[in-house]
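Each remark here refers to the structure printed beneath this line.
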Amino acid sequence: SQQGEEDPQALSIQEGENATMNCSYKTSINNLQWYRQNSGRGLVHLILIRSNEREKHSGRLRVTLDTSKKSSSLLITASRAADTASYFCATVDDFGNEKLTFGTGTRLTIIP
Amino acid sequence: EAQVTQNPRYLITVTGKKLTVTCSQNMNHEYMSWYRQDPGLGLRQIYYSMNVEVTDKGDVPEGYKVSRKEKRNFPLILESPSPNQTSLYFCASSLSPDSKKLFFGSGTQLSVL
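Those protein sequence lines, which keep their order, are chains X and V.
Position 51 of the first sequence, counted from 1, bears residue number 52 in the working numbering, the numbering being contiguous throughout.
Position 92 of the second sequence, counted from 1, bears residue number 104 in the working numbering, the numbering being contiguous throughout.
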């Protein structure tokens, strides 16, 4: 079953612009993670934010988490052509089994 | 280099012919997992293992088997593949079963004819 739902499903922006992707989830979580996947390749972990954190930065990435709205956003600043990829959020639930569940992803295209 | 290695990268087979997809990690990770990725459905967990000799079903375990005899290896076995198992498969591992920060293999594209 899907826990995370990313929005939008696809996004195209000009190089240099900022890209924002959103993730909504349904249940109580331990942490939320964002992954990047280049076409047909394995996913790469980008950033993890715990349920007691509200914002986290890593290089050009900024992640926010709003547990009251059960939502997260990933902001990529000053986008580059190499950022073209699919981005997935994944949640680890808080029910004791620590199950990690992925959303269906946002396909980001950076136009040079 | 720290990595998760899957083999083969591509596999075409016929219905009913048993196959194994191997997965090995060199990071001494306790947690390992298999996912399948299908268009529009995202990644779905097939099986996972919290440690040696401990395996559990994920969301879509039917038609698959796994084993965890050693910490580094976690093979995925399809005893009698069917066309609906045509998919892109990923093995992943994590140092901590708690955080689940996953390291992924490069994937195996399986086609069952």
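Note that CB positions come from ideal geometry on N, CA and C, so glycine has one too.
H46(X): member of the beta strand (DSSP E) spanning L44 to R51, first to last residue. Counting only the Cα atoms, L66(X) lies some 41 Å from V124(V).
Contact of G117(V) with chain X by beta-carbon distance below 7 Å involves G43. In the three-state scheme derived from DSSP, where H, G and I count as helix and E and B as strand, Q15(V) is classed as coil. Residue state for N19(X) is assigned as coil, using DSSP reduced to three classes. Among the residues of chain V, those whose CB is under 9 Å from the CB of Q34(X) are S111, K112, K113 and L114, following chain order. Residues of the region 86-100 of chain V that bring their beta carbon within less than 8 Å of a beta carbon in chain X comprise L100, in sequence order.
Around the beta carbon of S61(V), 16 or more other beta carbons sit within 10 angstroms, so the residue counts as buried. T78(X) is a Cβ neighbour of N19(X), given a cutoff of 7 Å. The residues R56 and Q57, in chain order, have a CB closer than 7 Å to that of D71(V) in the same chain once the five nearest residues on each side in sequence are set aside. The C-beta distance from F102(V) to Y47(V) rounds to 5 Å, short enough to fall under 8 Å. The C-beta of T92(X) comes no closer than 7 Å to any C-beta of chain V.
Secondary structure note for V124(V): its beta strand (DSSP E) is the uninterrupted segment T120 to V124.
Between the region 58-77 of chain X and the region 19-38 of chain X there are three or more C-beta pairs closer than 8 Å, enough to call the two in contact. Contact holds between the region 8-16 of chain X and the region 104-111 of chain X, because three or more Cβ pairs, one in each stretch, are under 8 Å apart.
Excluding residues up to 5 positions away in sequence, Y59, Y60, S61, V78, S79 and R80 lie with their Cβ nearer than 8 Å to the Cβ of T67(V) in the same chain. Scanning chain V for C-beta atoms nearer than 9 Å to the C-beta of H46(X) yields K113, L114, F115 and F116, reported in chain order. Rounded to the nearest whole angstrom, the CA to CA distance from V64(X) to K30(V) is 43 Å.
For T92(X), the closest of Q38(X), S52(X), R42(X) and V45(X) by C-alpha to C-alpha distance is S52(X). Scanning its chain for C-beta atoms nearer than 7 Å, with the 5 sequence neighbours on each side dropped, one finds around P73(V) the residues I58 and Y59, in chain order. Following the DSSP letters along the chain, one finds V64(X) inside the beta strand (DSSP E) bounded by residues L62 to D67. Under the 7 Å criterion on CB atoms, F96(X) is classed as non-interfacial with respect to chain V.
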